[in-house]
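Below you'll find the structure, written out as structure tokens, and then a few comments.
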Amino acid sequence: MENFWGRIKNLKPVRNFLLFLAVMGPGVITANVDNDAGGIATYSLAGAHFGYTLLWSLVPITVALIIVQEMCARMAVATGKGLADLIRENYGVKVTFYLMFILFFVNLANVTAEFAGIAASLEIFHVSKFISVPLSAVFVWFLVVKGTYKSVEKIFLSACFFYIAYVISGLLAKPDWPQVFRQMAAPSGNWNLPYTVMLVGLVGTTIAPWMQFYLQSSIVEKGITREEYKHIQLDVVVGCILAPVIAFFIVVACAATLFQAGVHVESAQDAAVALRPLAGPYASWLFAFGLFNASIFAASVLPLSTAYGFCEGMGWEAGVNKRFEEAPQFFSLYAFMIVVGAGVVLIPRFPLFKVMFFSQVGNGILLPFILIFMLRLINDSDLMGAFTNRRALNIITWITVLVIMALTLLMVVLTFLYPFAV
Amino acid sequence: MRLFINFSELLGQDVVDVHNRRVGALQDISMHSNDEVFPRAGSFIVRKGFGRPLYAEIPPGDVQDITDKIELKIDRRTIKFQRQLLPCEFSLCRHILDQQVVDTNDQKVVRVNDVHLLHVDNQLYLAHVDVGLRGLIRRLGWTRFVDGCVRLCAPDSSYLQQDEFISWKNVHVLAAGRTTNVIRSDVARKKLARIPAAELADIMEDLNVFEKLSLFKTFNADMQRRIFADMTPQEKGELADHLTDEEAGSLLENIPADEATDLLHSLSKEKALQLMRYMHSETSKKLRRLLGFAQDSAGGLMTTEYLSVGEEARVKDAVQKLKENADYLGNIFFVYIVDPQNRLVGMTSLRRFINEDPERPLLETCYPKEIFVRTDDGVEEVALLLEKYKFSSIPVLSDDGVLQGVITIDDILEVLISLAWKKYKDQL
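For the protein sequence lines, the chains are A and B, in the order given.
With my numbering, letter number 387 in the first sequence gets 403, and the count goes up by one each step, no holes.
With my numbering, letter number 231 in the second sequence gets 218, and the count goes up by one each step, no holes.
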């Protein structure tokens, strides 16, 4: 028997698959965290307000996501350093500091949104937010401070699995499949202003600045070697495809029910509640559970990656296995994000909407800078060696980046002009 | 004139000539890394223009004074500007500022926020690196504001007096991955050698693989062995991956066999075999067996001592190589021709080329087809092929055609004889 397994293990495809499983994690996790509370809200609204007509955009978004994330993976493998490290070493402390400073507050707004997502989703199950939010904050703190990279990664990977809740609720919504595919192939949306705002919102929520830092750091932390590069590349691609697939089902679930019935919703938990009479209690529960899973998942990842990035860039000690006296800045930043992020949600009548607005704008302003830094770094042959961008890839990447930049800038402008449309 | 100057205060400042006309802005300072304890400034690198800037190098001898700007003794027309920067041994911006260095005194990795230069006799020396908060705030240009705030709130704060300087003597530069040469301060290196191996392994944990490598290479074999023992398995694998095959091979010889096998296990089979080519055959044979190649598979039988040449080799090159290696090669009859990835391109034997014109390309003397086995082929197959073609050795290839080793007829005999013995004993 042992011999049999030995033989199976030595078959090339099997061996490659096993190697892939060993390396898998960073890419899949990053892409899935991307479907966080804010993301789910955007997808729900896209489905509820525009039916199937925005589904087509998920295809180009996937491509752009793959191109951007693959660059991070490549930089991580080639240099063994995080993105904040690289920016510091190549562009100096000033740029790094202001970049990380803005990123810190943008991410803080995101974390607040995640805790709001936790509160909202559990309220559907009749759990008061004064219980759910503090408990979640404690859970997040312990998960990261007490866990090792390996154990945390396993928990995160299992969290990715629970996104299947959205697939099921999408199927329970009994969408009109021929219609879905017709819309994917030949969209019939009206190019009016709200449609454009939504489209830009979809791009903005899918490609976010923090992802680049998080993905690169987690690949570095996992110690992926150059030889394992093609496996991590696959990991990134799989993640970047999985995430929009989940988004697809969220849009479909909302389009098949809320849009058809003409129900107007303003947020993800509205959508979950409104699903109940239209698609049954299970669809509604699954939708709410998915929101909870996504929110707590992102709430675990964001504070950690932000604190890491900031300390990396500034040259302060960082790491959850250090004591407070060894890494005071790291723990202060980390604790600040969790305490403020969770605390703010508990304040009655807190203008959460304004926080979300700020985080949208902040993301949009940061992203172009980060993408330009990434492009310059990945073309630095001193740094990247054999992993430098090839010419053809460079052209594709520049086009993608320019389009993303144009769209995010458009988003910033639109968010200022029509803050209630997104 | 100040004795100590912060590099951040010079960086980007105007450089003016003898008539007080602007030459450009200070871009960097390149340093001499000689045996002196404190490296001396080699030249001031001045940049002018945007978009496609021009650079000039100005020796310290041409500098009149350093105040809030850099005043030169010469006329700006005599300065030659070029498009490209000349490569230099090491420079403050590229290798020190914002990079990670090892503080050999406190035995930890720190990031350099600023560089403290000693200004005497119109020469600049690298005296300290600043790794503290004050340096960071100075770089950000907030010194006045922050100092004012601190004075207002806590006038006795230690922040106002304390700079966190590390003397250059105690700095070990890691800037690898950017350049291959290691900038060394001998004092720092000697200090490093006195740090206990376990502590060094802790330091290594904070570094990326290239920095680890640069640090690791500064130690002697004994120290390397001890540091290696204290590393995590993941770090070991990483390190082995990035050492050249030769370096990794000699490291493997130095560490205990069980650790070596653990390490080899963590690498891909191809890489492991490749490394073993750089080890003594006895060690590599033992390791290979430990590695769990089935003992009677081609991979388990082969030796890694064979003669290979590049595709462009001529007959005389092969003869020369045979002569050089005649002493230790198990089988000197066969020569294998490989491409740069060590994939087998052709095979030839002494019989086929010994009488040829020395200038003739060796490739032309090859056998019409390559006879080889795969690493997981069984001993019977190897024996059959050797017998069929009447060869005294046969090459072993991996699935992608890379030459891994050769099996000579005596290796096969060894196995066959032991098999025969077994049979004989069973019959008894």
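Glycine is no exception: its CB is placed at the ideal position from the N, C-alpha and C atoms.
Minimum Cβ-Cβ distance from B/Asn195 to chain A less than 7 Å: Indexing the second sequence from 1 puts residue 195 of chain B at position 208. So, interface residue.
Can the beta-carbon of A/Glu139 be found less than 7 Å from the beta-carbon of A/Ala53? Against the first sequence, residue 139 of chain A aligns to sequence position 123. Against the first sequence, residue 53 of chain A aligns to sequence position 37. Cβ distance not < 7 Å, so A/Glu139 and A/Ala53 don't count as in contact.
Alpha carbon of A/Gly217 to alpha carbon of A/Arg407, nearest angstrom: Position 201 of the first sequence, counted from the first residue, corresponds to residue 217 of chain A. Position 391 of the first sequence, counted from the first residue, corresponds to residue 407 of chain A. Going by the C-alpha atoms only, they are around 31 Å apart.
Could you spell out where the beta strand (DSSP E) holding B/Ala114 opens and where it closes? Looking up residue 114 of chain B in the second sequence gives position 127. Unbroken beta strand (DSSP E) run through B/Ala114: Gln110 to Asp117.
Where do the N-terminal and C-terminal ends of the beta strand (DSSP E) with B/Ala313 fall, by residue? Within the second sequence, residue 313 of chain B is the residue found at index 326, counting from 1. From DSSP, B/Ala313 is part of no beta strand (DSSP E); its letter is neither H nor E.
Segments assigned beta strand (DSSP E), at least 3 residues, entirely inside the region 201 to 274 of chain B: none
Enclosing beta strand (DSSP E) for B/Asn(-7) [first to last residue]: As a first step, residue -7 of chain B must be located in the second sequence, where it is residue number 6. Here the beta strand (DSSP E) through B/Asn(-7) covers Phe(-9) to Asn(-7).
Any C-beta of chain B sitting closer than 7 Å to the C-beta of A/Ile388? Your numbering for residue 388 of chain A matches position 372 in the first sequence. Not one chain B Cβ lies under 7 Å of A/Ile388.
Compute the beta-carbon to beta-carbon distance between B/Gln51 and B/Arg34, rounded to the nearest angstrom, for a pair I have assumed lies under 8 Å. Here residue 51 of chain B refers to the residue found at position 64 when the second sequence is read from its first residue. Here residue 34 of chain B refers to the residue found at position 47 when the second sequence is read from its first residue. B/Gln51 to B/Arg34, Cβ: 20 Å. No contact.
When the Cβ atoms of the region 113 to 127 of chain B are set against those of the region 53 to 71 of chain B, are three or more pairs found closer than 8 Å? no
Status (buried if at least 16 other CB within 10 Å, exposed otherwise) for B/Pro26: Within the second sequence, residue 26 of chain B is the residue found at index 39, counting from 1. Buried, since its Cβ has 16 or more Cβ neighbours within 10 Å.
List the residues of chain B that A/Lys97 touches, going by C-beta distances under 7 Å, in chain order. Numbered from its first residue, the first sequence carries residue 97 of chain A at position 81. Result: Asn195.
Kindly give me the distance between the Cβ atoms of B/Arg98 and B/Gln87, rounded to whole angstroms, as I take these residues to be in contact under 8 Å. In the second sequence, residue 98 of chain B corresponds to position 111, counting from 1. In the second sequence, residue 87 of chain B corresponds to position 100, counting from 1. Right, their Cβ atoms sit about 5 Å apart.
Leaving out five residues on either side along the sequence, give the residues of the same chain with a beta carbon under 8 Å from the beta carbon of B/Ala185. On the second sequence, position 198 is the one that residue 185 of chain B refers to. Closer than 8 Å at Cβ, skipping near neighbours: Asp217.
Between A/Arg406 and chain B, is the shortest Cβ-Cβ distance under 7 Å, so that the two count as touching? By one-based count along the first sequence, residue 406 of chain A stands at place 390. So no, A/Arg406 is outside the interface.
Could you tell me which residues DSSP pairs with B/Ser284 in its beta bridges? The count along the second sequence starts at 1 and reaches residue 284 of chain B at position 297. For B/Ser284, which the question treats as bridged, DSSP gives the partners B/Gly365.
Thinking B/Ile61 and B/Asp49 are a contact (beta carbons under 8 Å), I'd like their distance in whole angstroms, please. Numbered from 1 along the second sequence, position 74 holds the residue referred to as residue 61 of chain B. Numbered from 1 along the second sequence, position 62 holds the residue referred to as residue 49 of chain B. With a Cβ gap of about 5 Å, B/Ile61 and B/Asp49 count as contacting.
Contacts around B/Leu72, its chain only, beta-carbon distance under 6 Å, and the 5 residues preceding and following it disregarded: For the purposes of this step, residue 72 of chain B is identified with residue 85 of the second sequence, where counting begins at 1. Only Tyr42 meet the Cβ criterion.
Could you round the C-beta distance between A/Leu231 and A/Ala89 to whole angstroms and report it? I think they count as a contact, below 8 Å. Within the first sequence, numbered from 1, the residue matching residue 231 of chain A stands at position 215. Within the first sequence, numbered from 1, the residue matching residue 89 of chain A stands at position 73. Confirmed, Cβ separation roughly 7 Å.
Taking 7 Å as the CB-CB cut-off, is A/Gly325 touching chain B? One-based indexing of the first sequence puts residue 325 of chain A at position 309. So, not an interface residue.
From this set, B/Ala208, B/His229, B/Leu238 and B/Pro220, which residue's C-alpha is nearest B/His252's C-alpha? What you label residue 252 of chain B is simply residue 265 of the second sequence in a count that begins at 1. Comparing Cα positions, the closest option is B/Pro220.
Taking all protein chains shown into account, do 16 or more other C-beta atoms lie within 10 angstroms of the C-beta of B/Ser144, making it buried, or fewer, making it exposed? As a first step, residue 144 of chain B is located in the second sequence; it is residue number 157 there, counting from the start. The residue in question, B/Ser144, is exposed, as its Cβ has fewer than 16 Cβ neighbours within 10 Å.
The region 80 to 99 of chain B: positions lying closer than 7 Å to chain A by Cβ: Asp85, Gln86, Val97 and Arg98
Apply the 10 Å Cβ neighbour rule to B/Leu(-2) and answer buried if 16 or more other Cβ atoms are within range, or exposed otherwise. Taking the second sequence and counting its residues from 1, one reaches residue -2 of chain B at position 11. B/Leu(-2) is buried by the Cβ-count criterion.
Determine, using beta-carbon pairs with one atom in the region 296 to 305 of chain A and one in the region 182 to 196 of chain A, whether at least three such pairs fall under 8 Å. yes
Along chain A, in chain order, which residues have C-beta atoms closer than 8 Å to that of B/Gly224? Looking up residue 224 of chain B in the second sequence gives position 237. Correct list: Gly239 and Thr241.
B/Gln14 CB to nearest chain A CB: under 7 Å? For this step, residue 14 of chain B is matched to residue 27 along the second sequence. Answer no: the Cβ-Cβ gap between B/Gln14 and chain A never drops below 7 Å.
Neighbouring residues, chain B, relative to A/Glu105 (Cβ below 7 Å): Taking the first sequence and counting its residues from 1, the one referred to as residue 105 of chain A is at position 89. Neighbours of A/Glu105 on chain B, chain order: Asp85 and Gln86.
Should B/Gln148 go down as buried or exposed, given a rule of 16 or more other Cβ atoms within 10 Å for buried? The residue given as residue 148 of chain B occupies position 161 in the second sequence. It is exposed - the Cβ of B/Gln148 has fewer than 16 other Cβ atoms within 10 Å.
Look up A/Ala422 in the DSSP assignment and say whether it is helix, strand or coil. As a working note, residue 422 of chain A is residue 406 in the first sequence. Helix, per DSSP.
Below 8 Å CB to CB, which residues in the same chain sit around B/Ile214 once its five sequence neighbours on both sides are set aside? Stepping through the second sequence from its first residue, residue 214 of chain B is reached at position 227. Excluding positions up to five away in sequence, the list reads Ala184, Leu187, Ala188, Met191, Phe203 and Phe206.
Name the residue from A/Val213, A/Asn32, A/Ile134 and A/Phe155 whose alpha carbon lies nearest to the alpha carbon of A/Thr424. Here the question's residue 424 of chain A lines up with position 408 in the first sequence. The residue with the shortest Cα to Cα distance from A/Thr424 is A/Val213.
Answer with yes or no whether the minimum CB distance from B/Asp228 to chain A is below 7 Å. For this step, residue 228 of chain B is matched to residue 241 along the second sequence. Judged by the 7 Å Cβ criterion, B/Asp228 is in contact with chain A.
Cα separation between A/Ala15 and A/Ala277? With chain A covering 17 to 438 only, the question about residue 15 of chain A has no answer from this structure.
Answer with yes or no whether the minimum CB distance from B/Leu127 to chain A is below 7 Å. Counting from one through the second sequence, the residue named residue 127 of chain B turns up at place 140. Closer than 7 Å: yes.
Can you give me the C-alpha to C-alpha distance between A/Asn405 and A/Ile412, rounded to a whole angstrom? Taking the first sequence and counting its residues from 1, one reaches residue 405 of chain A at position 389. Taking the first sequence and counting its residues from 1, one reaches residue 412 of chain A at position 396. Near 10 Å, if we compare the C-alpha coordinates of A/Ile412 and A/Asn405.
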